[in-house]
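Numbering (my numbering), first residue to last: 16 to 506.
Set out below in structure tokens:
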């Protein structure tokens, strides 16, 4: 590993956090020097100096290896979590070390689960910082870094290819270099549009910018204890549904709609599969809520069903109702759409609808082969045929994802989590959904969970945000490096 090139690039990531800490300072000053001003001043100074240090004492180096790339991605995220918890820790209140860590990781990974029982007790600057971590994490700590690096740099090309999975790049029809800018344009466009829509619908500018940061990142942090329900506005509910779904659609599709001025990109098979999943599940949930007497009118039932299914499918996690009062069927369906989630190339977590479609196609093909062994069939998606070698990695990822759910559940149970919470909390964390079910559901929080269980959930959040493999690769690289150092010391 080249520690020099790693430190310089990780330094960029920390400077991004320092920038938003500075903006939080301005929010504090605007509100008459609120109670978090000192916390942000100290956090900004520490983060800025640490991020700038490599640029002063480390020479620039354009050579980057595969191992360096994985370490840059992994350390950029982890150090962002660590420095991102400073404002919470220094402000105090409910933020113990584990709670500050949980809130920071949940923010940057756009998971959106929280330990806060009274969100509205926080000063505006800290609320802005929470939403900012969503905004940074949604675009991606490394994508911010890639925007700064010159286009001709080989570092940019390699990092872009590593940060954006093959699934993400399928619909962009552009080189990795340009994909970064396309993703950024769409992301910023969604954030600006959401801000204006919320403002026009009646939110204050402060609430509008915070919820815009959250919804475009499919994160879920709100400035209100009751989340979106606090506004009691059908217009705001509909706006939120629209942007939750838009944020979970492949950004390449959105870009092509505006670039070609045509709706043809909407014919994408994965998009159709994803939207059909939302529609079917939302109808079933609405019927269940009305027939079980949870909602009094059909209008309320369909609004609750459409909103909560969109929130879980997009892994945003906003809420307009308390799902702890729901029957079992709609709760199970919420967990399913949370695992499947939105499309690759968006800000969602989970397995991705792309992989689930490949899985269902593979099952269908296997059924045909079982009935007629001599038949020659291939998986076809959107007019394109896929070989077994192309589909296998996606099926394998689903398997690995499910294995990690089981492992995390076992660990949570070992450290004292409730059976129900261990299952739904693990799924919600690994899929980056945020709210789970029951007391840690849409109207609850994670504050009552044991400290070690909270830590396990944060590991799940990181694994889900980076899609597991980069984390495994980085840990493997560090392990082998330490092993070599030990061998050298023994010699």
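Even for Gly, the Cβ is constructed at its ideal location relative to N, Cα and C.
From what residue to what residue does the alpha helix (DSSP H) around residue i run?
i           : result
residue 98  : 81 to 99
residue 406 : 403 to 429
residue 32  : 18 to 45
residue 443 : 434 to 445
residue 318 : 313 to 328
residue 139 : 139 to 154
residue 474 : 466 to 480
residue 246 : Here residue 246 belongs to no alpha helix (DSSP H), and DSSP marks it neither H nor E.
Three-state secondary structure (DSSP) at residue i?
i           : result
residue 236 : coil
residue 333 : coil
residue 486 : helix
residue 198 : helix
residue 399 : strand
residue 347 : helix
residue 291 : helix
residue 124 : coil
residue 109 : coil
residue 276 : coil
residue 450 : coil
residue 495 : helix
residue 353 : helix
residue 367 : coil
residue 362 : coil
residue 226 : helix
residue 459 : coil
residue 167 : For residue 167, the pLDDT reaches just 49, beneath the cut-off of 50, and the residue's location in the model is therefore unreliable, leaving the point undetermined.
residue 507 : Since the first residue shown for the chain is 16 and the last is 506, residue 507 is missing from the structure and cannot be characterised.
To the nearest angstrom, how far is the alpha carbon of residue i from that of residue j?
i           : j           : result
residue 96  : residue 331 : 19 Å
residue 34  : residue 63  : 8 Å
residue 22  : residue 241 : 41 Å
residue 224 : residue 404 : 44 Å
residue 124 : residue 447 : 7 Å
residue 303 : residue 349 : 13 Å
residue 263 : residue 114 : 28 Å
residue 355 : residue 347 : 13 Å
residue 98  : residue 38  : 16 Å
residue 256 : residue 325 : 6 Å
residue 472 : residue 88  : 20 Å
residue 370 : residue 457 : 27 Å
residue 450 : residue 338 : 10 Å
residue 109 : residue 364 : 28 Å
residue 491 : residue 321 : 42 Å
residue 105 : residue 419 : 34 Å
residue 194 : residue 430 : 42 Å
residue 482 : residue 118 : 20 Å
residue 30  : residue 65  : 8 Å
residue 43  : residue 400 : 55 Å
residue 389 : residue 381 : 12 Å
residue 281 : residue 49  : 46 Å
residue 412 : residue 215 : 42 Å
What residue from the options has the CA that sits closest to residue i's CA?
i           : options               : result
residue 480 : 155, 263 and 311      : 155
residue 153 : 442, 35 and 234       : 234
residue 470 : 453, 441 and 456      : 441
residue 409 : 48, 259, 368 and 70   : 368
residue 398 : 283, 70 and 146       : 283
residue 495 : 325, 51, 86 and 401   : 86
residue 213 : 200, 198 and 231      : 231
residue 92  : 17, 24, 421 and 289   : 24
residue 132 : 313, 236 and 271      : 236
residue 342 : 360, 362, 310 and 365 : 310
residue 443 : 107, 412, 478 and 411 : 478
residue 201 : 385, 220, 362 and 29  : 362
residue 196 : 84, 366, 425 and 360  : 360
residue 79  : 293, 316 and 17       : 17
residue 538 : 328, 373 and 335      : Since the first residue shown for the chain is 16 and the last is 506, residue 538 is missing from the structure and cannot be characterised.
residue 209 : 199, 259, 406 and 275 : 259
residue 67  : 366, 427 and 28       : 28
residue 333 : 467, 374 and 239      : 239
Within the continuous beta strand (DSSP E) that includes residue i, where are the two ends?
i           : result
residue 394 : 394 to 396
Give me the Cβ distance between residue i and residue j, rounded to the nearest whole Å; I'm assuming they're in contact under 8 Å.
i           : j           : result
residue 464 : residue 432 : 6 Å
residue 130 : residue 436 : That pair is no contact at about 14 Å.
residue 251 : residue 243 : 6 Å
residue 383 : residue 394 : The Cβ separation is near 11 Å, so there is no contact.
residue 46  : residue 140 : 7 Å
residue 206 : residue 221 : So it is not a contact: roughly 15 Å between Cβ atoms.
Within 6 Å: the Cβ of residue i and any heavy atom of the ligand MN?
i           : result
residue 395 : Absence of the ligand MN from the depicted structure is noted, as is the absence of any ligand whatsoever, leaving it without description.
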